[in-house]
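Every position in the sequence shown, counted from 1, becomes a number in our numbering once 20 is added.
Where a beta carbon is used, it is the ideal one built from N, C-alpha and C, also for glycine.
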Amino acid sequence: MNKMPLTIFNSNFGTMEDENGGSPMQWANCQTIGDFQENGDKVGCQIGKISVVTDNNFALSKRLNMELKAKKAPLEVLAVLGMGVSNGKSTFILKDFEVPKAS
């Protein structure tokens, strides 16, 4: 499985109650920041949001939060991404990650 380098600077997860009395919805995401780019009149770093799997009571988000808390800074990871659907559109979803060992 290919791993993609990402810089993650924020992680959130939780449960949203359904206003109509339906089942609660679990959600999780993280925010990423890309490398600095300069392209004509576009300059800077792109920011993105990626959904995170919610399996095992948010196990992946809890691990990500623990790594971010320990580092107290943006986290460089090798991410395992899959595809999901949100609001009828294809999106990436974080399925796993590893923090590369410092060399």
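In this structure, does DSSP put residue i in helix, strand or coil?
i, result
"A99", "strand"
"K62", "strand"
"A93", "coil"
"A128", "Residue 128 lies beyond the residue range present for the chain, which begins at 21 and ends at 123; the question has no answer from this structure."
Could you tell me which residues DSSP pairs with residue i in its beta bridges?
i, result
"T74", "Per DSSP, none; premise fails for T74."
Let me confirm a value: residue i is counted as buried when at least 16 other C-beta atoms fall within 10 Å, else exposed. Which label applies?
i, result
"C50", "buried"
"S110", "exposed"
"S71", "buried"
"I28", "buried"
"A48", "buried"
Stretch pair the stretch 99–110 + the stretch 74–85: three plus CB contacts closer than 8 Å: no
Three CB pairs or more closer than 8 Å across the stretch 102–110 and the stretch 26–33: no
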